[in-house]
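The listed protein sequences derive, respectively, from chains D and V.
Residue numbering for the first sequence follows this note's numbering, starting at 1 and increasing by one per position.
Residue numbering for the second sequence follows this note's numbering, starting at 1001 and increasing by one per position.
We put the beta carbon where it would ideally sit given N, CA and C, even for glycine.
Protein chains: 2
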Amino acid sequence: MSEHAALVPSGTLEAGAKDAASSKVRLRLWLKLLKATKHVEAELRENFRTNFDTTLPRFDVMAALYRVEPGLKMSQLSSVLRVSNGNVTGIVDRLVDDGILVRVPVDNDRRATTVRLTKVGREQFARMAAMHEAWIDTLLDGIDVAEVQHLSDQLEHVAHKTTKNED
Amino acid sequence: MSEHAALVPSGTLEAGAKDAASSKVRLRLWLKLLKATKHVEAELRENFRTNFDTTLPRFDVMAALYRVEPGLKMSQLSSVLRVSNGNVTGIVDRLVDDGILVRVPVDNDRRATTVRLTKVGREQFARMAAMHEAWIDTLLDGIDVAEVQHLSDQLEHVAHKTTKNED
DNA sequence: CATATAAATTTTATGCTTGAAATATCTTCT
DNA sequence: AGAAGATATTTCAAGCATAAAATTTATATG
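Written as structure tokens, this is what we have:
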């Protein structure tokens, strides 16, 4: 969804946080991060729908396969995209129906299948990728490129934090 | 999904971008932003599931209603959360079944319904909100609070950009 | 008043997503 | 070889999300 907005006035309900104030600040930051991301995603989704009659998940699958010409096994795809196996199955099914992807049996292992872009799929992706890049460029226009590296590092760190164990 | 990863080597497929290099940089930033956000969301989802047997969308609805004691109309809820009407209908249905929410008819307008948290709902939300804040605090630990304001401003700006018209 | 237009909500069809169970195949170990 | 375990994938049930159509009630206009 889009909010997760639990910005509750700090009453007696602390949950062992180190510092109530900074925790509120971080929460607010998270809500903004989320809002910005969802906004961009919504724009992209809409653009993909109206311009190419496709979806972000389909684009993601195609992007992953575009980079690896000979294709990927279903399990690799699911791990690269960080989504469940069953999820990939469904999206790939539909892309195969549409002639964008082919399933190729793997030698010496009849359990596995390789998925690969067709010629049509590659061509379509190239067109979509160019537009995608342009859309992002517009949407992130306000952000100073010089500061991007710094911001990136912070996000990189966030992307590896866990609520269980510190890495 | 999680990637939208169309980081394609800049060949002949430019789409009218101002500067090919900075556009690539922005794209890379977007992918990191997305990755970080998805990661945090995944952690939260898992925590909500195992700790409270609930979901982020349900939490979002409860959060919106917690702030407005007398409740909100379905349309207001859908507009606050920025999700479709039909979507809200489904989530509210289930929360009502679980005794978290009540639907209250609106005087002088039999089309509309107000949705409000029950006592049980309010109590449950308070507990969840405290944990939620603590989880965020852990997950965003690496980010320097002093820089948060700056980052926030950039994101604020992003959240209002459109691919159609500059605002 | 009657009808048209607008507004609030639900319903429908389709697709994405997960976690868990089921299937099928491969590998290992005795 | 045969059983046990691991790996690859699909299937299933439930929920989330959208856009578009349908339904119901309200309001405005002739």
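Grab the span of the beta strand (DSSP E) containing T1113 (chain V) for me, first residue to last. T1113 to L1117
Classify L168 (chain D) as helix, strand or coil using the three-state DSSP reduction. The requested residue 168 (chain D) does not occur in the structure, where chain D is confined to residues 1 to 167.
Given that G1071 (chain V) touches chain D, what residues does it touch there, using C-beta distances under 8 Å? Neighbours of G1071 (chain V) on chain D: none; closest Cβ ~16 Å, over 8 Å.
Would DSSP call R45 (chain D) helix, strand or coil? Per DSSP, reduced to three states, the secondary structure at R45 (chain D) is helical.
Return the chain-ordered list of same chain residues with a C-beta closer than 7 Å to the C-beta of I1091 (chain V), the five sequence neighbours on each side being excluded. Exclusion of the five residues before and after I1091 (chain V) leaves P1057, R1058 and V1061 as the residues of its chain whose Cβ lies within less than 7 Å of its Cβ.
Would you mind sorting S78 (chain D) into buried or exposed? The rule is 16 or more other CB atoms within 10 Å of its CB. buried
Give me the Cβ distance between S1023 (chain V) and D107 (chain D), rounded to the nearest whole Å; I'm assuming they're in contact under 8 Å. In fact, because the Cβ distance is near 41 Å, the residues do not count as touching under 8 Å.
Going along chain D, which residues have a C-beta under 8 Å from A1036 (chain V)? Under the 8 Å cutoff, chain D gives L33, L155, E156, V158 and A159.
Tell me whether R110 (chain D) sits in a helix, a strand or coil according to DSSP, three-state version. Residue state, collapsed to three classes: strand.
Where do the ends of the alpha helix (DSSP H) carrying V92 (chain D) lie? N85 to D97
Please confirm whether T1118 (chain V) and P1105 (chain V) have their CB atoms less than 8 Å apart. no
Residue(s) in a DSSP beta bridge with L72 (chain D): In the DSSP output, where bridge partners are listed per residue, L72 (chain D) has D:V115.
Mind listing the chain V neighbours of N47 (chain D)? Cutoff is C-beta to C-beta under 7 Å, in chain order. The answer, in chain order, is T1163.
Given a threshold of 16 other Cβ atoms within 10 Å of its Cβ, counted over all protein chains shown, does N1047 (chain V) qualify as buried or as exposed? buried
Assigned secondary structure, R1103 (chain V) (DSSP; H/G/I helix, E/B strand, else coil): strand
Assuming L139 (chain D) contacts T1163 (chain V) (C-beta within less than 8 Å), just tell me the rounded distance between them. 6 Å
Exposed or buried, what is E133 (chain D) when buried is set at 16 or more other beta-carbons lying within 10 Å of its beta-carbon? buried
Between F52 (chain D) and the rest of its own chain, which residues show a CB-CB distance below 6 Å, the 5 nearest in sequence each way excluded? M128
Beta-carbon gap between E1041 (chain V) and W1135 (chain V) smaller than 8 Å: no
Can you look up R67 (chain D) in the DSSP assignment and give me helix, strand or coil? coil
Using the beta-carbon of each residue, which ones in chain V are nearer than 9 Å to V40 (chain D)? W1030, L1033, L1034, V1158, A1159 and K1161
Out of V:L1095, V:H1160 and V:H1039, state which residue places its alpha-carbon closest to the alpha-carbon of W30 (chain D). Checked all of V:L1095, V:H1160 and V:H1039; the closest Cα to W30 (chain D) is V:H1039.
Closer than 7 Å by beta-carbon distance: list the chain V residues that pair up with L140 (chain D), in chain order. R1026, L1029, W1030 and V1158
Does the beta carbon of E1043 (chain V) sit closer than 8 Å to a beta carbon anywhere in chain D? yes
Apply the 10 Å Cβ neighbour rule to R1049 (chain V) and answer buried if 16 or more other Cβ atoms are within range, or exposed otherwise. exposed
Indicate whether at least one CB of chain D lies closer than 8 Å to the CB of I1100 (chain V). no
Top-ranked residue by Cα proximity to R26 (chain D), from V:L1034, V:L1155 and V:D1144: V:D1144
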